[in-house]
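Quick note, the sequences are listed as chains A and B, same order. Residue numbers for the first sequence, in my numbering: -8 to 204. Residue numbers for the second sequence, in my numbering: -8 to 204.
Number of protein chains: 2
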Amino acid sequence: MAAREYGQYSGITRAMELVGERWALLIVRDLLVGPRRYGELAAGLPRIPSNILATRLKELQAAGVIRRAPRSRVIVYELTPYGRELEPVVLALGAWGFKTMGDPRAEQIITPDSMTMDLRTAFRPTVAAMLPATAYGARFDGADLLIRVDGPRLAVSRGDGPVDLAFAAGPDIRRLISGELAADRAITTGVVTVLSGRRDLLDRFASTFHLVA
Amino acid sequence: MAAREYGQYSGITRAMELVGERWALLIVRDLLVGPRRYGELAAGLPRIPSNILATRLKELQAAGVIRRAPRSRVIVYELTPYGRELEPVVLALGAWGFKTMGDPRAEQIITPDSMTMDLRTAFRPTVAAMLPATAYGARFDGADLLIRVDGPRLAVSRGDGPVDLAFAAGPDIRRLISGELAADRAITTGVVTVLSGRRDLLDRFASTFHLVA
DNA sequence: CGGGATCCCTTAGGATACTG
DNA sequence: CAGTATCCTAAGGGATCCCG
């Protein structure tokens, strides 16, 4: 038996053998946002050594979770259909971890992809379905995200576009999402800075993206 | 920053820092069945070195996932409320892994706890709710499980009791659950051996516990 | 005995440099 | 830019021992 197998016949051990190695689920997380190049993955996982990234990509391919795909002269990595079925796993893990995130430390960064998945984690489709379609522009230190909510559907993309509310925020945005901080308090305390648009829409944002401890 | 942290501020990295180490989620899986002693955990994870088990138990305690509890002179480990919230994660992972389990290899064992969680993974409450309450006795090489389904509720326990259908099966039971094998075929091919009770109830079992690839 | 701790070895992970 | 190659450290693995 391979040294790193668990010697058990069960669904969870099988899953852990496929995606239980260090870094693997973080790679999957970023690929859930969209296909990514090697360098993009490396940039999204700042502390991953390049040899480990290369190893994990090969293992995930062998496991049938991701595939290499040529895109007009460059190689991108993308999830296979089986890999995409990990979305509930990643969202459940993200929701669980989100609840005890605490305050960010200086060396902890936020990437566009990680923030996108955190937003998906906190998204409440049933609440959003009862609210008017809204587009938010969010600036998280350097990463601009365009967040479009339309009924029960959520689309997060990089870059900007026409929005109903544009704001800038740091990692403390978590306190708004967890309900620890009301929208107006988030503005007055400087956790969120409204850049343009109707500032009252931040309350709608907080209702739409909500995850309580 | 601690060497094994990911240097990112996101829900998923936080989760991976708490329960992403090797063996950790398998310990959680077994504790989702019930409190367990050190030796019981070791027996359920046959390949875990005892120093690793001891280390993980300490880490999971520090993370607030499990706690040591004295139970009439012996120590048991049990999940904290926060640890119990990992159930959706473990079930989602189990369902995902179950789909590609393939055939068991000789050295792969099934434990009562792993089988219990696999059954929970495959359990369909909405289907069960439409069927009469049923008790099954299942013998998986040495491990006897009493499986009681009552409406949308499932209770799996060790040992036996009065049942409507008792059967013995090996790891190939997976092929019944995945729908690859119909109930009557499972009996005629010897995948399942009916020990007592109404053999037609095996079909109900297969409807209740079902997970397709 | 259950519940670990210790020892020694192997292998994966991490940091950095290098190459097609 | 997309990875290899190398070297070193630290974690995992297996056996054994210890202690209440």
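Where is the CB? At the ideal position from N, CA and C, for every residue including glycine.
- For S1 (chain B), there is no enclosing alpha helix (DSSP H), as DSSP marks it with neither H nor E.
- Going by beta carbons, S148 (chain B) and L156 (chain B) fall outside the 8 Å limit.
- At a cut-off of 8 Å between beta carbons, F89 (chain B) contacts chain A.
- Against A86 (chain B), the close residues of chain A are G2, in the order they occur along the chain (beta-carbon pairs closer than 7 Å).
- Assignment of S105 (chain B) by DSSP, reduced to helix, strand and coil, places it in the helix class.
- Judged by DSSP secondary structure, T125 (chain A) falls within the beta strand (DSSP E) whose first and last residues are 125 to 131.
- Of A:A60, A:G188, A:L77, A:I39, the smallest CA-CA separation from L9 (chain A) is found for A:L77.
- The straight-line gap separating the alpha-carbon atoms of R176 (chain B) and I164 (chain B) is approximately 12 Å.
- Rounded to whole angstroms, the gap between the alpha carbons of N42 (chain B) and W87 (chain A) is 27 Å.
- Using a C-beta cut-off of 8 Å, the region 96 to 113 of chain A makes no contact with the region 43 to 50 of chain A, since fewer than three inter-stretch Cβ pairs fall below that distance.
- Listed along the chain, the chain A residues whose CB falls inside 9 Å of the CB of S105 (chain B) are Q(-1), Y0, S1, G2, I3, T4.
- Contact between L16 (chain B) and I3 (chain A) holds: CB atoms are separated by about 7 Å, below the 8 Å threshold.
- Interface flag for P40 (chain B) against chain A is unset, since no Cβ pair is found closer than 8 Å.
- Counting C-beta atoms within 10 angstroms of its own C-beta, S1 (chain B) has 16 or more neighbours from the protein chains shown and is therefore classed as buried.
- Residues of the same chain with a CB within less than 6 Å of the CB of A160 (chain B), apart from the 5 flanking positions on each side, are V183 in chain order.
- The DSSP-derived three-state label of D175 (chain B) is helix.
- With its beta carbon at least 8 Å from every one in chain B, V183 (chain A) lies outside the interface.
- Those residues of the region 100 to 125 of chain B placed with their C-beta closer than 8 Å to a C-beta in chain A are I100, I101, T102, S105, M106, M108, D109, T112, ordered along the chain.
- Within the model, the alpha-carbon separation for G181 (chain A) versus A60 (chain A) is close to 44 Å.
- Beta-bridge analysis with DSSP links S148 (chain B) to B:L137.
- Under DSSP, L70 (chain B) takes part in a beta bridge, and its partners are B:I57.
- Not flagged as an interface residue toward chain B: E69 (chain A), since no C-beta distance is shorter than 8 Å.
- Annotation: Cβ neighbours of E76 (chain B) in chain A (cutoff 7 Å, chain order): W87.
- In the displayed model, V118 (chain B) falls within a helix according to three-state DSSP.
- At least one CB of chain A lies nearer than 8 Å to the CB of R13 (chain B).
- DSSP lists A:F158 as the beta-bridge partner residues of V185 (chain A).
- In the structure shown, R13 (chain B) falls within a coil segment according to DSSP collapsed to helix, strand and coil.
- At a cut-off of 8 Å between beta carbons, R27 (chain A) makes no contact with chain B.
- Here the C-alpha atom of L82 (chain B) lies approximately 25 Å from the C-alpha atom of A(-7) (chain A).
- By the neighbour-count criterion, in which a residue is buried when 16 or more other Cβ atoms sit within 10 angstroms of its Cβ, G128 (chain A) is buried.
- By the neighbour-count criterion, in which a residue is buried when 16 or more other Cβ atoms sit within 10 angstroms of its Cβ, T112 (chain B) is buried.
- With respect to the 8 Å criterion, A126 (chain A) and V154 (chain A) are classified as neighbours on the basis of their beta carbons.
- Look at A34 (chain A): its C-beta is not under 8 Å from any C-beta on chain B.
- Pairing L193 (chain A) with I178 (chain A) gives a Cβ-Cβ distance under 8 Å.
- For R20 (chain A), the residues of chain B that pass the 9 Å Cβ criterion are S1, I3, T4, in the order they occur in the chain.
- Cβ contact annotation for S198 (chain A) (same chain, cutoff 8 Å, sequence separation greater than five): R115, V118, L122, in chain order.
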